[in-house]
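Heads up: the sequence shown is residues 102 to 383, going by this note's numbering.
Yeah, the Cβ is synthetic: ideal placement off N, Cα and C, and Gly gets one too.
All of these numbers come straight from a predicted model, not from anything done at the bench.
As structure tokens, the structure follows; a few thoughts come after it.
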Amino acid sequence: MDLASGLAIFIIGPLLVGLSMGLDRKITARLQNRRGPPLLQPFYDLVKLLSKRPQMLGDLQGLLAALSLMFHAAAFGLFAFGGDLVVAFFISSMGAVFLVLGAYSAPSPYSHLGAKRELLALLAYEPVLFLVIIAMGANGSFLVSETSHDLLERLPLALAALVPVLVILLEKSPYDVPGAHQELVSGPYVEYSGPFLALLEMGRMYQLAFVYGIAALFVWGPGPLTDVVLKLLLVFVLLFAAILIDNITARLTRRRMVLFMLTAGVGLIALNLLVSYLTGVI
């Protein structure tokens with residue numbers, strides 16, 4: 102992948118995620134017979150947060166928020182420039198760890214509770230995401246630039262396993278456990294405000310861009326324009342599936358979230374790999 106293309110993906114990726122967040126709010130509002138906020142509301146929120154005076158409860162909150170953003174951005178940057186998916190996964194995981202450490206650094210019981218629930222979310226979705234990446238490279242290379250073009254044909258169940266991963270990352274029912282909006286308001290973000298909260302929100306955009314990017318590798322078009330359209334269409338389908346699940350389900354317990362992801366999520370990928378092996382695909 103050339104430098105210009107990688108740079109364009111790195112810049113446009115989080116912007117598209119911001120638009121998807123605005124679209125998420127719009128679609129959710131329509132499903133609930135509401136008008137909803139403007140499509141660009143996530144960007145308005147970022148500008149407003151960046152304009153506020155910085156305040157912290159803990160001395161390390163700002164540093165840990167910046168490190169979380171840096172690692173998530175580095176992971177997506179490695180993806181954008183065609184790097185190794187496994188390395189990018191572990192870099193992104195460090196960004197999630199710094200989010201948890203930032204929540205623990207604040208002297209607040211609500212922040213600590215949010216951090217504990219965020220750790221459970223990591224335990225639930227990270228093994229599934231990691232196995233999806235391993236499955237993608239089982240028949241070739243882990244480099245983004247060398248990804249096989251028949252992933253959707255070989256690994257349809259692995260793509261399906263990404264749906265609950267997105268449900269957790271988007272903090273939607275039935276697995277909005279870290280935020281638990283009925284109880285904790287915003288989970289590990291609860292004691293963040295102003296520019297430091299903006300850093301975490303930007304880090305979240307890069308994290309989602311990385312996961313959406315992994316999903317987009319499952320489809321390829323015959324030409325550059327067709328390829329982009331197919332990838333955006335697949336991402337929209339996954340987003341709409343997460344929104345639909347959110348609006349037709351109630352929040353489940355932390356235990357059920359972890360059990361489902363470590364059984365159904367891992368099971369789907371294992372079954373897909375087993376079938377592929379028995380049929381000689383890999």
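For Asp251, does the count of other Cβ atoms within 10 angstroms reach 16, so buried, or fall short, so exposed?
-> Taking the first residue of the sequence shown as position 1, residue 251 is located at position 150. With fewer than 16 other Cβ atoms within 10 Å, it is exposed.
Taking one C-beta from the stretch 240 to 248 and one from the stretch 185 to 204 each time, how about it: are there three or more such pairs within less than 8 Å?
-> yes
Cβ of Ala216 within 7 Å of Cβ of Ala204?
-> Here residue 216 corresponds to residue number 115 of the sequence shown, with the count starting at 1. Here residue 204 corresponds to residue number 103 of the sequence shown, with the count starting at 1. Taking 7 Å as the Cβ cut-off, Ala216 and Ala204 qualify as a contacting pair.
Could you check which residue in Ala105, Thr327, Gly295, Arg355 has the C-alpha nearest to that of Asp277?
-> By 1-based counting over the sequence shown, the position of residue 277 is 176. Ranking Ala105, Thr327, Gly295, Arg355 by Cα distance to Asp277 puts Arg355 first.
For the alpha helix (DSSP H) containing Phe191, list its first residue and its last residue.
-> As a position in the sequence shown, residue 191 is number 90, starting the count at 1. Element bounds for Phe191: 186 to 206.
State the DSSP-derived secondary structure class of Leu244, mapped to helix, strand or coil.
-> Taking the first residue of the sequence shown as position 1, residue 244 is located at position 143. Leu244: strand per DSSP, three-state reduction.
Residues near Leu343 by beta carbon distance below 7 Å, same chain, minus five either side = Locating residue 343 in the sequence shown gives position 242, where the first residue counts as 1. Residue identity differs from the one stated: residue 343 is Ala in this sequence, not Leu. Same-chain partners within the cutoff: Val264, Leu267, Val268, Leu271, Lys273.
Do Lys127 and Gly137 have their CB atoms nearer than 7 Å?
-> One-based indexing of the sequence shown puts residue 127 at position 26. One-based indexing of the sequence shown puts residue 137 at position 36. Closer than 7 Å, so yes.
Is it the case that the Cβ atoms of Arg218 and Val382 are separated by a distance below 7 Å?
-> One-based indexing of the sequence shown puts residue 218 at position 117. One-based indexing of the sequence shown puts residue 382 at position 281. Their beta carbons are not under 7 Å apart, which means Arg218 does not touch Val382 by this criterion.
As assigned by DSSP and simplified to three states, the class of His250 | As a first step, residue 250 must be located in the sequence shown, where it is residue number 149. Reduced to three states, the DSSP call for His250 is coil.
With distances taken from CA atoms, which of Gly163, Leu140, Leu158 is nearest Pro208?
-> Taking the sequence shown and counting its residues from 1, the one referred to as residue 208 is at position 107. For Pro208, the nearest C-alpha among the options comes from Leu158.
Tell me, please, whether the CB atom of Met358 is closer than 7 Å to any CB atom in chain B?
-> Included in the structure is just one protein chain, with no chain B present.
What are the boundary residues of the alpha helix (DSSP H) that includes Asp146?
-> To locate residue 146, count along the sequence shown from 1; it is residue 45. That run of the alpha helix (DSSP H) goes 142 to 151.
Under three-state DSSP, which class holds Gly368?
-> To locate residue 368, count along the sequence shown from 1; it is residue 267. Reduced to three states, the DSSP call for Gly368 is helix.
Output the distance between the C-alpha atoms of Leu379 and Val148, rounded to the nearest integer angstrom.
-> As a position in the sequence shown, residue 379 is number 278, starting the count at 1. As a position in the sequence shown, residue 148 is number 47, starting the count at 1. Roughly 53 Å between the two C-alpha positions.
Classify Pro275 as helix, strand or coil using the three-state DSSP reduction.
-> Sequence index remark: in the sequence shown, residue 275 carries index 174 (1-based). Pro275: coil per DSSP, three-state reduction.
Of the residues Met303, Leu260, Phe337, Leu340, which one's Cα is nearest the Cα of Leu372?
-> Within the sequence shown, the letter at position 271 stands for residue 372. The shortest Cα separation from Leu372 among Met303, Leu260, Phe337, Leu340 belongs to Leu260.
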